[in-house]
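Asker:
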Amino acid sequence: MTQLLDSIACFISLESQDNKVKKALQESISGNVFALPFRLLSGGLAKLGQPGLSKFGTLLQKLAFLVTAVMIFSLWLPVFASDKEILAVISLLSLFLYVGGSIFGGSDKRQISSVDAIVVLYFGINVVAAFASHYFEPSLKGLAKLIVYVSSYFLFSAVANTPRRRLILLVAAVGGGLIAAVYGLYQYKIGVAPLATWEDPSVESQATRIYSTLGNPNLLAGYLIPLVSISGSMFIASIDARKWLFSIITAPACLILIAATVLTGSRGGFMGIAVALATLFLISSGWCWQKYPKTRPVIISLAVVLPLIAVACVLLVPSMQQRVTSIFSGWQHSSNAFRLHVYESSLQMFKDNWWIGVGTGNQAFRNAYGLYMNSRFDALGTYCVPLEIAVEAGIFALITFSVFFVALLGRAHTAFYSKTIGWERWLCAGMASALFGIAAMGFVDTVFYRPQVHFIFWLIAGTLVTASIHSGAGKKEFDSINVGS
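So for the sequence shown, our numbering puts the first residue at 1162; every next one is plus one.
1) Out of Val1503, Leu1175, Ala1435 and Glu1553, which one is the CA nearest neighbour of Phe1538?
2) I need the DSSP call for His1631, collapsed to helix, strand or coil.
3) Taking Phe1526 as part of the alpha helix (DSSP H), name the residues at either end of that continuous run.
4) Does the beta-carbon of His1295 have 16 or more other beta-carbons within 10 angstroms, so that it is buried, or is it exposed?
5) Consult DSSP for Lys1245 and reduce its assignment to one of helix, strand or coil.
6) Tell me the DSSP secondary structure of Cys1449 in three-state form.
7) Excluding the 5 residues flanking Trp1492 on each side, which residues of the same chain have their C-beta closer than 8 angstroms to its C-beta?
8) Have a look at Ala1291 and Phe1297 and give me their C-alpha separation to the nearest angstrom.
9) If you draw a straight line from the C-alpha of Leu1165 to the C-alpha of Thr1627, how long is it?
10) Taking C-beta to C-beta, are Val1552 and Phe1511 nearer than 8 angstroms?
11) Would you kindly report the start and end of the unbroken alpha helix (DSSP H) that includes Leu1418?
12) I'd like the ranges of any beta strand (DSSP E) spanning at least 3 consecutive residues and lying wholly in the region 1203-1237.
13) Work out the CA separation of Leu1197 and Leu1385 for me, nearest whole Å.
14) For Ser1300, does the count of other Cβ atoms within 10 angstroms reach 16, so buried, or fall short, so exposed?
15) Can the beta-carbon of Met1592 be found less than 8 angstroms from the beta-carbon of Thr1624?
16) Assess contact between the region 1394-1412 and the region 1336-1352, defined as three or more Cβ pairs (one per stretch) separated by less than 8 angstroms. Is contact present?
17) Taking the C-alpha atoms as reference points, what is the distance between Leu1390 and Thr1422?
18) Within this structure, are the beta carbons of Leu1339 and Ala1414 separated by less than 8 angstroms?
19) What three-state label does DSSP hand Thr1486 in the structure shown?
20) Please report the straight-line C-alpha distance between Ser1394 and Arg1572, rounded to a whole angstrom.
21) Give me, in chain order, the residues of the same chain whose beta-carbon lies closer than 7 angstroms to that of Ile1169; leave out the 5 immediate sequence neighbours on both sides.
22) Going by beta carbon distance, what residues of the same chain come within less than 6 angstroms of Ala1382, once the five residues before and after it are set aside?
23) According to DSSP, is Phe1538 helix, strand or coil?
24) Confirm, please, whether the CB-CB distance from Phe1317 to Thr1229 is below 8 angstroms.
25) Tell me whether the beta-carbon of Ile1251 lies closer than 8 angstroms to the beta-carbon of Ser1203.
26) Give me the Cα-Cα distance between Ala1435 and Val1475, rounded to the nearest whole angstrom.
27) Would you grab the beta carbon distance between Ala1278 and Val1182 for me? Rounded to a whole angstrom, and I think it's under 8 angstroms.
28) Do you know offhand how far Ile1190's Cα is from Ala1558's?
29) Check for me: the alpha helix (DSSP H) holding Gln1348 runs from which residue to which?
30) For Leu1375, count neighbouring Cβ atoms within 10 angstroms of its own Cβ and tell me buried if that reaches 16, exposed if not.
31) Would you report the Cα separation of Phe1526 and Asn1379, rounded to the nearest angstrom?
32) What is the DSSP secondary structure of Leu1175, counted as helix, strand or coil?
33) What is the DSSP secondary structure of Ile1279, counted as helix, strand or coil?
34) Is Arg1457 helix, strand or coil by DSSP?
35) Helix, strand or coil for Trp1492, going by three-state DSSP, please let me know.
36) Who are the Cβ neighbours of Cys1171 in its own chain at under 8 angstroms, not counting the five residues just before and after it?
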């Protein structure tokens, strides 16, 4: 059974295609034309024979890593909730620094993978959708946003080129999320007033829903869910490596992030965190079941006790019970009814534009949605990420993104079970469970497209791909990890 799973994971990860993609890119005309200006610049600088230039290039690449880490840490800042263009500028600046460092002969070399080809294909499909759209100008704006996010994937996978750097980037993400979570807990303590009406007063009692610095409880939940998984995996890694001080830090951090996610009152958040934690538990318990047979009674006990605790929390807290049961209320709950109306209209949009979609971005969606919507149910998006992708860019974009997502999970599996990856296997487990959590919430909400969630997603994607490529270099233990590059 294990060998079958390994074979399936290896197949869907597309790792066997990495060298073929690299060779095809090197031999392709388009690849050589694209790389020609960079080669000319790099070759011209190399002919100068100045050793200081390569050192300067390495310095620029290190600066790119530092800027990236600071940006990831700072996603919780209120300014980024209102002014998203700043994040785009910072991300592109970091990419410019890295590329500039490479031209000057920096020591960091990014490795090409088959996942890169899928990302490029997904971007290309969106380019076609944007230029073929009836809403050309709004689609170009959506395409510009996609350029930022796709470029961030290549940035993250370039700067996260060592286990230490990958750990630092993920710690930065968790650290920023922890600040947002702590402030959210403070909001709960003082009973912060809502910024909008999120509950249906006909079936729910008013309860405090935290939103921290982001101004939206659903957005806060979407931001924290992947960080819960990652912090939990850090705790497991510290226990496995017997780094008790690190476990003392990561355990409370994970609990704080869980508490803040639950207190958002986000029903999509409940679904996401439940799926993320269940996935992390299954991965870790499956590993311990085989490697540490003495832990099997503990695993069985936790498999019984933890769900009971979750159910008890739901039953004993009336506001949470109302929020959870409202998930299954169907048309009886106004928020459910709103989403169901939006789903119906969006599905009709997809049926009429299934080939290349209505155009990239939510502005193109809104322009087209006006032709299909129920007059009482205006919407900013489809409230379902797969449906949003299909409506905006068509069936081929949805298929390509699905292949990309599945490939990431395959990479996580192969990296986790690598014999040489060491402690970093647990980060891969955390990132895989984070992807499941993001996907679970993404089926009922589109906060996925907000920068705080989207940058975390592409960070996980880039880091997972790099970790899978370098899994053979993961022999270092926690003792060799120092904060630095």
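All residues carry an ideal CB built from backbone N, CA and C; glycine is no exception. Fair warning: this is a prediction, and the values are worked out from it, not measured in the lab.
Answerer: Taking the definition as stated:
1) Taking the first residue of the sequence shown as position 1, residue 1538 is located at position 377. Measuring from the Cα of Phe1538, the nearest candidate turns out to be Val1503.
2) Position 470 of the sequence shown, counting from 1, holds the residue named residue 1631. DSSP places His1631 in coil when its eight states are reduced to three.
3) For the purposes of this step, residue 1526 is taken as residue 365 along the sequence shown, with counting starting at 1. Element bounds for Phe1526: Asn1523 to Tyr1530.
4) Numbered from 1 along the sequence shown, position 134 holds the residue referred to as residue 1295. It is exposed - the Cβ of His1295 has fewer than 16 other Cβ atoms within 10 Å.
5) Counting from one through the sequence shown, the residue named residue 1245 turns up at place 84. Three-state DSSP puts Lys1245 in coil, outside helix and strand.
6) Counting from one through the sequence shown, the residue named residue 1449 turns up at place 288. Three-state DSSP puts Cys1449 in a helix.
7) Here the question's residue 1492 lines up with position 331 in the sequence shown. Closer than 8 angstroms at Cβ, skipping near neighbours: Ala1498 and Leu1501.
8) Working through the sequence shown from its first residue, we reach residue 1291 at position 130. Working through the sequence shown from its first residue, we reach residue 1297 at position 136. So the alpha carbons of these two residues sit roughly 6 angstroms apart.
9) Walking along the sequence shown from the start, residue 1165 turns up at place 4. Walking along the sequence shown from the start, residue 1627 turns up at place 466. Roughly 24 angstroms separates the two Cα atoms.
10) Numbered from its first residue, the sequence shown carries residue 1552 at position 391. Numbered from its first residue, the sequence shown carries residue 1511 at position 350. Yes. Within cutoff.
11) As a working note, residue 1418 is residue 257 in the sequence shown. Run containing Leu1418: Trp1405 to Leu1424, per the alpha helix (DSSP H) assignment.
12) none
13) Here residue 1385 refers to the residue found at position 224 when the sequence shown is read from its first residue. Here residue 1197 refers to the residue found at position 36 when the sequence shown is read from its first residue. Roughly 42 angstroms between the two C-alpha positions.
14) Against the sequence shown, residue 1300 aligns to sequence position 139. Classification for Ser1300: buried.
15) Indexing the sequence shown from 1 puts residue 1592 at position 431. Indexing the sequence shown from 1 puts residue 1624 at position 463. Yes. Within cutoff.
16) no
17) Reading the sequence shown from its first residue, position 229 is the one you call residue 1390. Reading the sequence shown from its first residue, position 261 is the one you call residue 1422. With the sequence shown as reference, residue 1390 is identified as Ser, and Leu is not the correct amino acid for it. Spanning the two alpha carbons is a distance of roughly 12 angstroms.
18) If you number the sequence shown from 1, residue 1339 lands on position 178. If you number the sequence shown from 1, residue 1414 lands on position 253. Closer than 8 angstroms, so yes.
19) Mapped onto the sequence shown, residue 1486 falls at position 325. Residue state, collapsed to three classes: helix.
20) Reading the sequence shown from its first residue, position 233 is the one you call residue 1394. Reading the sequence shown from its first residue, position 411 is the one you call residue 1572. So the two alpha carbons sit approximately 17 angstroms from each other.
21) Translated into positions along the sequence shown, residue 1169 becomes position 8. Here the set comprises nothing.
22) The residue you call residue 1382 lines up with position 221 of the sequence shown. Cβ within range, chain order: Thr1422, Thr1425, Ser1427 and Gly1430.
23) Stepping through the sequence shown from its first residue, residue 1538 is reached at position 377. Coil, per DSSP.
24) As a first step, residue 1229 must be located in the sequence shown, where it is residue number 68. As a first step, residue 1317 must be located in the sequence shown, where it is residue number 156. Taking 8 angstroms as the Cβ cut-off, Thr1229 and Phe1317 qualify as a contacting pair.
25) Counting from 1 along the sequence shown, the entry for residue 1251 is found at position 90. Counting from 1 along the sequence shown, the entry for residue 1203 is found at position 42. No; because the gap between Cβ atoms is not below 8 angstroms, this pair is not in contact.
26) For the purposes of this step, residue 1435 is taken as the residue at position 274 of the sequence shown. For the purposes of this step, residue 1475 is taken as the residue at position 314 of the sequence shown. Approximately 12 angstroms, taken between the alpha carbons.
27) Residue mapping note: residue 1278 aligns to position 117 of the sequence shown, counting from 1. Residue mapping note: residue 1182 aligns to position 21 of the sequence shown, counting from 1. Indeed, because the Cβ distance is near 5 angstroms, the residues count as touching under 8 angstroms.
28) In the sequence shown, the residue the question calls residue 1190 occupies position 29. In the sequence shown, the residue the question calls residue 1558 occupies position 397. Straight-line Cα distance between these residues: approximately 25 angstroms.
29) As a working note, residue 1348 is residue 187 in the sequence shown. Counting along the chain, the alpha helix (DSSP H) containing Gln1348 begins and ends at Pro1324 to Ile1351.
30) Here residue 1375 corresponds to residue number 214 of the sequence shown, with the count starting at 1. By the 10 Å Cβ count, Leu1375 comes out buried.
31) Mapped onto the sequence shown, residue 1526 falls at position 365. Mapped onto the sequence shown, residue 1379 falls at position 218. Distance between the alpha carbons of Phe1526 and Asn1379: 21 angstroms.
32) On the sequence shown, residue 1175 is found 14 positions in, with the first residue counted as 1. Coil at Leu1175, not helix or strand.
33) The sequence position of residue 1279 within the sequence shown is 118, counting from 1. DSSP places Ile1279 in helix when its eight states are reduced to three.
34) For this step, residue 1457 is matched to residue 296 along the sequence shown. If DSSP states are grouped into helix, strand and coil, Arg1457 belongs with the helices.
35) Position 331 of the sequence shown, counting from 1, holds the residue named residue 1492. Three-state DSSP puts Trp1492 in a helix.
36) Taking the sequence shown and counting its residues from 1, one reaches residue 1171 at position 10. Excluding residues within five positions, the ones whose Cβ falls inside 8 angstroms are Ser1177, Gly1571 and Thr1575.
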